[in-house]
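Each protein sequence line maps, in turn, to chains A and B.
The opening residue of the first sequence carries number 1 in the working numbering; numbering runs sequentially from there.
The opening residue of the second sequence carries number 1 in the working numbering; numbering runs sequentially from there.
Using N, Cα and C, we set each Cβ at its ideal position, and we do this for glycine too.
Worksheet: the structure to be examined is printed underneath.
2 protein chains.
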Amino acid sequence: MMKSKSIRLTPNSYAVLALLDQLGEGTSYELKQAIEVSIQNFWPVPHTTAYEEPARLASGGYLTARQEEGGRRRRVYSLTDSGREALAAWAAEPTASPPQLREEAVLKVFAGGASGPLLKSRVAWHLGKIEELEGLLRGVRDAEGWERSERTLRVGIVYHRKMLEMIEEVAPPED
Amino acid sequence: MMKSKSIRLTPNSYAVLALLDQLGEGTSYELKQAIEVSIQNFWPVPHTTAYEEPARLASGGYLTARQEEGGRRRRVYSLTDSGREALAAWAAEPTASPPQLREEAVLKVFAGGASGPLLKSRVAWHLGKIEELEGLLRGVRDAEGWERSERTLRVGIVYHRKMLEMIEEVAPPED
DNA sequence: TCGTTCACAGTTCGTTCCGTACTATACGTC
DNA sequence: GACGTATAGTACGGAACGAACTGTGAACGA
């Protein structure tokens, strides 16, 4: 029984727990990669989270770490029972904080910027995103244990399509 | 000429500058209120920003503060030329960081939570949001100098409609 | 007219988040 | 076996954040 510091679990914590739950176990780097093909699109985190958060979680007793043998001797994390419980309890609550949107572009328009150029690159960006997600989707489709990523990728694709529709509605192409 | 510390301007800084530009001048509390009816929907900030950020901006020479006479003797902020310039320069750049979406609910689903209840309250939330924004829109429509708020409110309404469509598409009501 | 209450206004503070910039390791290539 | 480079990982400071708290003034009843 190791004594574990009491830490506060934030949404970022649960994100890491959920990812590790899927992976079974993994290093920070693997976490980072998993983030990129799964939650990044609806729950953005900087890559340092994949290094910092597991350490925090381990100190709280939610993860165990074992050292890899060869090579870089990286730490491989996996959930403890306590971690699994905490994750399940959180996921089971049917409440969630409302979605947040951060749109620097709209902020610029609000500040008096011209919307035209911003919109143009925004459209391109959404199109690129859709392609990217469809690529990831192809890669993930027949891999075992990635059903959840698949679902979130699909949601992502629909989301970006809707955003394109929105842009068209609020600012019909002039020319 | 006061000496002013060199500070880094973040999107939050520009948010405050833009608001003050619209208001002409204002106290932190007025800023806070303005935030709630304007940028909060596409650029969320905690209310403490309305108190902390103006102080930071003033220390950097982008705002001036004068003391109110009676009552609480609150500080009333307004833009300096430097502040106006910085704001204009930022707004004129046609680039913006990509939009970010934070969806705790999707994170929960990803973590194995049931989507049903989450979706239900989400739909209700979007509907409420639409009503709220429409209310604000009515209030703002014929007020002078609120054209920008109006525009962003319209975008907000379309946004929430699109989100409702998205929910319907990815999770058609079962019963 | 004093005290109580309550909504409004503002502050404090510790933690978490975040991005930048940097360092280190493995592995291929010449 | 040095060199380059893609991959992997770290350090760190400042900003963002939210919880909890404090202060202020106006309304009201006693």
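Proximity of LEU136 of chain B to chain A, defined by a Cβ-Cβ separation below 8 Å, is not satisfied. Burial state of PRO54 of chain B is buried, judged by a 10 Å Cβ sphere holding 16 or more other Cβ atoms. Exposed is the label assigned to GLY24 of chain A, since fewer than 16 other Cβ atoms lie within 10 Å of its Cβ.
Residue contact check for LYS162 of chain A against chain B: a CB pair falls below 8 Å. Comparing alpha-carbon positions, the option among B:GLY139, B:ARG75, B:LEU133 and B:VAL76 lying closest to TYR159 of chain B turns out to be B:LEU133. When DSSP reads this structure, THR64 of chain A sits in a beta bridge with A:SER78.
When A:LYS5, A:SER78 and A:ARG122 are compared, the shortest CA-CA separation from VAL16 of chain A is found for A:SER78. The beta-carbon distance between LEU101 of chain A and PRO99 of chain B, rounded to whole angstroms, is 7 Å. This is short enough to meet the 8 Å contact definition. Judged by their CB atoms, GLY139 of chain A and ASN41 of chain A are not nearer to each other than the 8 Å cut-off.
Nearest CB-CB separation between PRO11 of chain A and chain B: below the 8 Å threshold. GLU93 of chain A counts as exposed, since fewer than 16 other beta carbons sit within 10 angstroms of its beta carbon. By alpha-carbon distance to ARG151 of chain B, the top candidate from A:ASP81, A:LEU9 and A:ALA114 is A:ALA114. Neighbours of GLU168 of chain A in chain B, taken as residues whose beta carbon is under 9 Å from its own, are absent, since the nearest beta carbon is some 10 Å off. Near chain A, meaning a CB-to-CB distance below 9 Å, the residues of the segment 83 to 108 of chain B are LEU87, ALA88, TRP90, ALA91, ALA92, GLU93, PRO94, THR95, ALA96, SER97, PRO98, PRO99, GLN100, LEU101, ARG102, GLU103, GLU104, ALA105, VAL106, LEU107 and LYS108. When the alpha-carbon of GLU144 of chain A is set against those of A:GLN22, A:SER4, A:LEU9 and A:TYR14, the nearest one is in A:GLN22. Cα atoms of ARG74 of chain A and THR27 of chain A: separation of roughly 7 Å, rounded to the nearest angstrom. For TYR62 of chain A, there are no C-beta contacts with chain B under 8 Å, since the nearest C-beta of that chain is about 14 Å from it.
Residue contact with chain B for TYR14 of chain A: present (Cβ-Cβ distance below 8 Å to some residue of chain B). Here GLU104 of chain A is buried, its C-beta having at least 16 other C-beta atoms within 10 Å.
If the five residues before and after ILE7 of chain B are omitted, its C-beta is found closer than 7 Å to the C-beta atoms of ARG56, SER59 and GLY60, all from its own chain and listed in chain order. A straight line joining the alpha-carbon of GLY128 of chain B with that of ASP142 of chain B spans about 23 Å. Within 9 Å of the CB of LEU118 of chain B, the CB atoms of chain A belong to PRO94, THR95 and ALA96, in sequence order along the chain. Put simply, the backbone Cα of LEU63 of chain B is about 5 Å away from that of THR80 of chain B.
Looking at B:ALA111, B:LYS120 and B:ALA86, the one whose alpha-carbon comes closest to that of LEU164 of chain B is B:LYS120. Burial is judged here by how many other beta carbons sit within 10 angstroms of a residue's own beta carbon; LYS32 of chain B has at least 16 and is buried. In the three-state scheme derived from DSSP, where H, G and I count as helix and E and B as strand, GLY26 of chain B is classed as strand. Comparing C-alpha distances from VAL170 of chain B to each of B:ALA34, B:VAL109 and B:ARG66 shows the shortest one belongs to B:VAL109.
Chain-ordered, the chain A residues with CB closer than 9 Å to the CB of TRP125 of chain B read PRO98 and PRO99. When only Cα atoms are considered, GLN67 of chain A and GLU131 of chain A end up about 38 Å apart.
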